[in-house]
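Notes follow the structure.
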Amino acid sequence: MTPQRVTVTIEERDFDGTVAALRAAGLAGMQVHREIGVVSGDIANAAALVDIPGVMVVEPEGQAHIAPPNAGIQ
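27 is the number that my numbering gives to position 23 of the sequence shown; each next residue is one higher, with no gaps.
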């Protein structure tokens with residue numbers, strides 16, 4: 005599987021423990037945003053994160069591609 009970028013929303017009660025569990029499950033390149041209860045990172049199997057205690061939501065990050073200025077109408 006190819007790693008994908010995900011955003012994980014975490015419950016407030018054991019934030020540090022949940023972040024450690026995400027790391028142990030293979031979430032790499034993590035950016036932790038404690039103030040808003042969100043962690044983002046790269047993982048090949050995002051489904052593995054869903055059952056970690058404290059994880060509320062796992063969302064894949066979308067990608068947008070913008071055509072060059074001289075491209076025709078899309």
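Here a beta-carbon is modelled for each residue, glycine too, at the ideal position from N, C-alpha and C. A quick note: this is a predicted structure, and the numbers were derived from the prediction, not measured.
So, under 8 angstroms CB-CB, residue i and residue j are touching, yes? Tell me the CB distance rounded to an integer number of Å.
i, j, result
"A48", "M5", "4 angstroms"
To which residues of the same chain is residue i closer than 8 angstroms at the C-beta, ignoring the five residues directly before and after it?
i, result
"L31", "V10, V12, V43, G45, D46, I47 and L53"
"A24", "none"
"P7", "A32, D46, I47 and A48"
Mind checking residue i: buried by the 16 CB within 10 Å criterion, or exposed?
i, result
"G76", "exposed"
So, for residue i: in the same chain, excluding its five sequence neighbours on each side, which residues have a beta-carbon less than 6 angstroms away from its beta-carbon?
i, result
"V61", "T13"
"E63", "T11"
"G58", "I14, E15, D18 and T22"
Across which residues does DSSP place residue i in a beta bridge pair?
i, result
"R9", "D46"
Here's a check: name, in chain order, each residue in its chain whose Cβ is nearer than 7 angstroms to the Cβ of residue i, leaving out the five neighbours to either side.
i, result
"I56", "T22, A25, L26 and A29"
"V36", "V23 and V43"
### Query
For the 8 angstroms Cβ check, are there 3 or more pairs between the segment 68-78 and the segment 10-22?
These segments do not touch.
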